[in-house]
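Participant: Which chain is which? The protein sequence lines are A and B, in order.
The first sequence finishes on residue 215 if you use my numbering, and the numbering steps up by one all the way, no holes.
The second sequence finishes on residue 460 if you use my numbering, and the numbering steps up by one all the way, no holes.
We put the beta carbon where it would ideally sit given N, CA and C, even for glycine.
The structure displayed is predicted, hence computed values, not measured ones.
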Amino acid sequence: MGDSMIRAVDGISLSIAAGEFVALLGQSGSGKSTLLNLLAGLDRPTSGSVLVQGRDLAKMSSEELARYRRNDVGMVFQAFHLIPAMTITENVELPMRFAEVDRTERAQRVREALERVGLGKRLGHRPSELSGGEQQRVSIARALANRPSLLLADEPTGNLDSRTGEDILNLIRDLSVSLGMTVVMVTHERALAERFAKRLIFLGDGKLISQEVTA
Amino acid sequence: MKGYDLFELAVRNLRQSKLRNGLTTVGISVGVASLVAMLSLGVGLQQLATKRLAGSGMFDTVFVTSKQDSRGFDREEDQKDQHPEKAPVLDEASRQQMTRLQYVTEVEPEVRVMGQIVYGGQTHFGFVTGLPMSARENEAFDNLQGKFFSSSDADEVILLNDFAKELNPQNPKSLVGQEVTLRYGEHQSLPAEGDASGRPQVSDQNESAGTNTGDDYGFSVVRKTQQLKVVGIVDEEPYGGMRTVSRGRIFLPVDLTEKLNMAEFSDMRSSLRGHGKSYATLTVRVKDPAKVSQVQDAIKNMGFRTFSVLDATKSLRRFFTVLDLFLGIFGSLALAVATLAIINTLVMAVLERRREIGVMKAIGASDGDVKKLFFAEAGAMGFFGGILGIALGFAIGKAINIGTGIYLRNHQLPAEPVWILPSWLIGAAIAFSILVSLLAGLYPASRAARLDPVQTLKYE
Numbered sequence: 001m002g003d004s005m006i007r008a009v010d011g012i013s014l015s016i017a018a019g020e021f022v023a024l025l026g027q028s029g030s031g032k033s034t035l036l037n038l039l040a041g042l043d044r045p046t047s048g049s050v051l052v053q054g055r056d057l058a059k060m061s062s063e064e065l066a067r068y069r070r071n072d073v074g075m076v077f078q079a080f081h082l083i084p085a086m087t088i089t090e091n092v093e094l095p096m097r098f099a100e101v102d103r104t105e106r107a108q109r110v111r112e113a114l115e116r117v118g119l120g121k122r123l124g125h126r127p128s129e130l131s132g133g134e135q136q137r138v139s140i141a142r143a144l145a146n147r148p149s150l151l152l153a154d155e156p157t158g159n160l161d162s163r164t165g166e167d168i169l170n171l172i173r174d175l176s177v178s179l180g181m182t183v184v185m186v187t188h189e190r191a192l193a194e195r196f197a198k199r200l201i202f203l204g205d206g207k208l209i210s211q212e213v214t215a
Numbered sequence: 001m002k003g004y005d006l007f008e009l010a011v012r013n014l015r016q017s018k019l020r021n022g023l024t025t026v027g028i029s030v031g032v033a034s035l036v037a038m039l040s041l042g043v044g045l046q047q048l049a050t051k052r053l054a055g056s057g058m059f060d061t062v063f064v065t066s067k068q069d070s071r072g073f074d075r076e077e078d079q080k081d082q083h084p085e086k087a088p089v090l091d092e093a094s095r096q097q098m099t100r101l102q103y104v105t106e107v108e109p110e111v112r113v114m115g116q117i118v119y120g121g122q123t124h125f126g127f128v129t130g131l132p133m134s135a136r137e138n139e140a141f142d143n144l145q146g147k148f149f150s151s152s153d154a155d156e157v158i159l160l161n162d163f164a165k166e167l168n169p170q171n172p173k174s175l176v177g178q179e180v181t182l183r184y185g186e187h188q189s190l191p192a193e194g195d196a197s198g199r200p201q202v203s204d205q206n207e208s209a210g211t212n213t214g215d216d217y218g219f220s221v222v223r224k225t226q227q228l229k230v231v232g233i234v235d236e237e238p239y240g241g242m243r244t245v246s247r248g249r250i251f252l253p254v255d256l257t258e259k260l261n262m263a264e265f266s267d268m269r270s271s272l273r274g275h276g277k278s279y280a281t282l283t284v285r286v287k288d289p290a291k292v293s294q295v296q297d298a299i300k301n302m303g304f305r306t307f308s309v310l311d312a313t314k315s316l317r318r319f320f321t322v323l324d325l326f327l328g329i330f331g332s333l334a335l336a337v338a339t340l341a342i343i344n345t346l347v348m349a350v351l352e353r354r355r356e357i358g359v360m361k362a363i364g365a366s367d368g369d370v371k372k373l374f375f376a377e378a379g380a381m382g383f384f385g386g387i388l389g390i391a392l393g394f395a396i397g398k399a400i401n402i403g404t405g406i407y408l409r410n411h412q413l414p415a416e417p418v419w420i421l422p423s424w425l426i427g428a429a430i431a432f433s434i435l436v437s438l439l440a441g442l443y444p445a446s447r448a449a450r451l452d453p454v455q456t457l458k459y460e
């Protein structure tokens, strides 16, 4: 934001296979969130390219990026980012409104997504009436609504106690396996990452430091 | 995003801050109400004015005067005539010429003279006017008591109700069928006074005036009486009181007034100018109102000045266009203020909902979706504000009507609505309100669309 250019992510060359569960690790300011935003199409690289299924996100128009986020990506955030004025059902339904999914199909897909995350009840409640873990489940259900092939999670356990955090990561891993979804997760908790991710990628100062494949 | 989703989300967002959006909507409605109240006042006044013209039943009539007489309606045209004294005179020959014009059904003079009715030994003064047989169709005669004239030169009279009351205060209606005596002044021409230089040649055999002898240069007024049978009593003045012949209380068939050769005010003018019998005004009736301007042009070409209600409505319309414009501008001021309120409200909403906008973008909303959502919110406020404004404007207008009604009644005048809300204005006002709101939403919407999701979603 200053006069001088800050390279948040610089010189990273990385490829992730379909269906893989990858964790991005690093100190804050290491560029892991920026990398995630680049993958999400929320940010654009000043140079280089981001290829997803053969398409270069760097060359897409903002309209095309929106369509990519809508149809191919699901996002989960540390702060859940549910819309407080909407009920659980409405929150999960929202991405389908943007994707212009038919009304009758929407109701069915909302139920399906909420059942997948273990929330068959409390559908008419507002996010503030739920616990943190439940809210994160809702946000995962919302991410699943448009049946994406890529799930991007930015510190999904950061606001949860360790037990709940584990539950959420279990859920994400199960979904990744059962739906064949690629998962890229940003975290700074190495222990959790080692238990759930297949590959760990360490970043520092915007550069790729090392990679590790877990057992 | 689909239309109904957009609308649903917009309404849901508006309901999130009910007070703020409600106040803004009320602001719009006040703007719309003031615009509607102003414009309907313009419409009402215009209808009031044109109703009087329409009631006169003169849309098929052309009035013809000589350019020698007083200046006319169209001053610009008058300027072109440098020598009005050379303009043709409305004499019998030109009257015959007009009668032969295409589409003309009737050419009658406007006769209005002073007269007296003698009834029951009492004398009552009043203006006598001559009505053509076509006057029967005028709405004033819809409620005629008795009958209309049996022929255009019958010795019959129709009295204005007020005048009949003067004659017989107890039972004015009983006058119908009775005989009364009319006292009037007859125009008697004097023998020629000898040669005066430069006098135009006047035919001695004037076609219409059989009783006329002499050359009409001088005349005397002789008191005469005529027995007349009262055939009808009429409540209001014919032609909505807009014509010379309406301003009378004693109505005779027009041909009878000519047969009686009544002395008219204009006779003196004709005499002084040194020409024969002429008419002050001729009324030309046209078969079809659509042909009025054609006939008018033909008569203009004969060198006369013409006037028709068409001219009056033309200048009336010009006047009301200007009036409506001014009323519209004043009415729009409040709406302009309301527009600022919309911009303010939506800019606040964008600031408050920064994160929400970021989330929506992250889960797949395009810039266009976000823009449309704010547009929809602005439009919805405009729509509801418009409806509320119509209701409010309607109430204001009703109040104006009641107020003026009381005022008019207090002044012994019939109450007439001065404020009329036409259905097109309802639709136009709502459409305008939505349009203005959308314009107001332009800036906030593009601001919302430009928000960077990465910035708004940063964990704080």
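In chain A, which residues lie with their C-beta within 9 Å of the C-beta of isoleucine 402/B?
Facilitator: Chain A residues near isoleucine 402/B: none, gap ~45 Å exceeds 9 Å.
Participant: Of the choices Ala365/B, Ala449/B, Trp419/B, Leu451/B, whose alpha-carbon is the least far from that of leucine 48/B?
Facilitator: Trp419/B
Participant: What residues in the stretch 354–384 of chain B bring their beta carbon closer than 9 Å to a beta carbon of chain A?
Facilitator: Those residues of the stretch 354–384 of chain B that come within reach of chain A (Cβ to Cβ, closer than 9 Å) are Arg355, Glu356, Gly358, Val359, Met360, Lys361, Ala362, Ile363, Gly364, Ala365, Ser366, Asp367, Gly368, Asp369.
Participant: Counting beta carbon pairs with one atom in the stretch 54–63 of chain A and one in the stretch 322–336 of chain B, are three or more of them shorter than 8 Å?
Facilitator: no
Participant: When you compare only the Cα positions, how much space is there between alanine 448/B and glycine 133/A?
Facilitator: Roughly 31 Å separates the two Cα atoms.
Participant: Give me the subset of the stretch 96–112 of chain A whose CB atoms are less than 7 Å from a CB atom of chain B, sorted by chain position.
Facilitator: Arg97, Phe98, Ala99, Glu100
Participant: Once the 5 residues before and after alanine 143/A are set aside, which same chain residues still bring their CB inside 7 Å of it?
Facilitator: Gly74, Met75, Val76, Leu151
Participant: Buried or exposed: glutamine 296/B, going by 16 or more other Cβ atoms within 10 Å of its Cβ?
Facilitator: buried
Participant: Could you tell me the boundaries of the alpha helix (DSSP H) in which lysine 86/B lies?
Facilitator: Run containing lysine 86/B: none; DSSP gives neither H nor E here.
Participant: Of the residues that make up the stretch 35–51 of chain A, which ones have a beta carbon closer than 8 Å to any beta carbon in chain B?
Facilitator: Asn37, Ala40, Leu42, Asp43
Participant: Closest Cβ-Cβ distance between glycine 2/A and chain B: below 9 Å?
Facilitator: Summary for glycine 2/A: the model assigns pLDDT 38, below 50, so the residue's position carries little reliability; its value from the coordinates is reported in the next sentence. By this cut-off, glycine 2/A is not an interface position.
Participant: Assuming glutamate 64/A is part of the alpha helix (DSSP H), what are its boundary residues?
Facilitator: Note, glutamate 64/A: alpha helix (DSSP H), 62–72.
Participant: Examine chain A for any beta-carbon lying closer than 9 Å to the beta-carbon of leucine 457/B, and answer yes or no.
Facilitator: yes
Participant: If you scan the stretch 128–177 of chain B from start to end, which runs of the beta strand (DSSP E) of 3 or more residues do you find wholly inside it?
Facilitator: DSSP runs (the beta strand (DSSP E)) wholly in the stretch 128–177 of chain B: 156–160.
Participant: Have a look at Gln27/A, Ile168/A, Leu51/A and flag the residue whose alpha-carbon is nearest the alpha-carbon of leucine 38/A.
Facilitator: Leu51/A
Participant: Is phenylalanine 98/A buried or exposed, if buried means 16 or more other CB atoms sit within 10 Å of its CB?
Facilitator: So phenylalanine 98/A ends up on the buried side.
Participant: Determine, using beta carbons only, whether glutamate 63/A comes closer than 9 Å to chain B.
Facilitator: yes
Participant: Does the stretch 36–47 of chain B come close enough to the stretch 348–360 of chain B that 3 or more CB-CB pairs lie under 8 Å?
Facilitator: no
Participant: What are the boundary residues of the beta strand (DSSP E) that serine 210/A is part of?
Facilitator: 207–213
Participant: Rounded to whole angstroms, what is the Cα-Cα separation between threonine 24/B and arginine 44/A?
Facilitator: 39 Å
Participant: Measure the alpha-carbon distance for valine 292/B versus phenylalanine 320/B and round it to whole angstroms.
Facilitator: 23 Å
Participant: Quick check: what's the CA-CA separation for leucine 421/B versus alanine 399/B?
Facilitator: 13 Å
Participant: Under 9 Å, CB to CB, which of the residues in the stretch 5–18 of chain B have a partner in chain A?
Facilitator: Asp5, Leu6, Glu8, Leu9, Arg12, Asn13, Arg15, Gln16
Participant: Are the beta-carbon atoms of glycine 441/B and alanine 378/B separated by less than 9 Å?
Facilitator: Glycine 441/B is a Cβ neighbour of alanine 378/B, given a cutoff of 9 Å.
Participant: Within the same chain, show all residues whose beta-carbon is closer than 8 Å to that of valine 337/B, passing over the 5 residues directly before and after it, in chain order.
Facilitator: Gly27, Gly31
Participant: Glutamine 136/A: buried (16+ other C-beta within 10 angstroms of its C-beta) or exposed?
Facilitator: Its Cβ being crowded by 16 or more others within 10 Å, glutamine 136/A is buried.
Participant: Scan the stretch 286–314 of chain B and note each continuous alpha helix (DSSP H) run of 4 residues or more that stays entirely inside, going in chain order.
Facilitator: 292–301
Participant: Anything in the stretch 66–88 of chain A with a Cβ closer than 9 Å to a Cβ of chain B? List those residues in chain order, please.
Facilitator: Ala66, Arg67, Tyr68, Arg69, Arg70, Asn71, Val73, Gly74, Met75, Phe77, Gln78, Ala79, His81, Leu82, Ile83, Pro84, Ala85, Met86
Participant: Reducing DSSP to helix, strand and coil, say where valine 101/A ends up.
Facilitator: Of the three classes helix, strand and coil, the one that applies to valine 101/A here is coil, per DSSP.
Participant: Give the range of the alpha helix (DSSP H) segment to which arginine 273/B is assigned.
Facilitator: If you look at arginine 273/B, you'll find it in the alpha helix (DSSP H) that goes 265–273.
Participant: Specify the secondary structure class of arginine 199/B as computed by DSSP and reduced to three states.
Facilitator: For arginine 199/B, the pLDDT reaches just 45, beneath the cut-off of 50, and the residue's location in the model is therefore unreliable, although a value from the coordinates is still provided. DSSP places arginine 199/B in coil when its eight states are reduced to three.
Participant: Helix, strand or coil, according to DSSP, for methionine 348/B in the structure here?
Facilitator: In the structure shown, methionine 348/B adopts helical secondary structure according to DSSP, grouped into three states.
Participant: With contact counted as at least three CB pairs below 8 Å, one residue from each stretch, are the stretch 146–164 of chain B and the stretch 223–235 of chain B in contact?
Facilitator: yes
Participant: If you run the structure through DSSP and keep just helix, strand and coil, what is leucine 442/B?
Facilitator: helix
Participant: Give me the Cα-Cα distance between alanine 23/A and asparagine 21/B, rounded to the nearest whole angstrom.
Facilitator: 45 Å
Participant: With a cut-off of 8 Å on the beta carbons, I'd call glutamate 110/B and threonine 281/B a contact; round off their distance for me.
Facilitator: 4 Å
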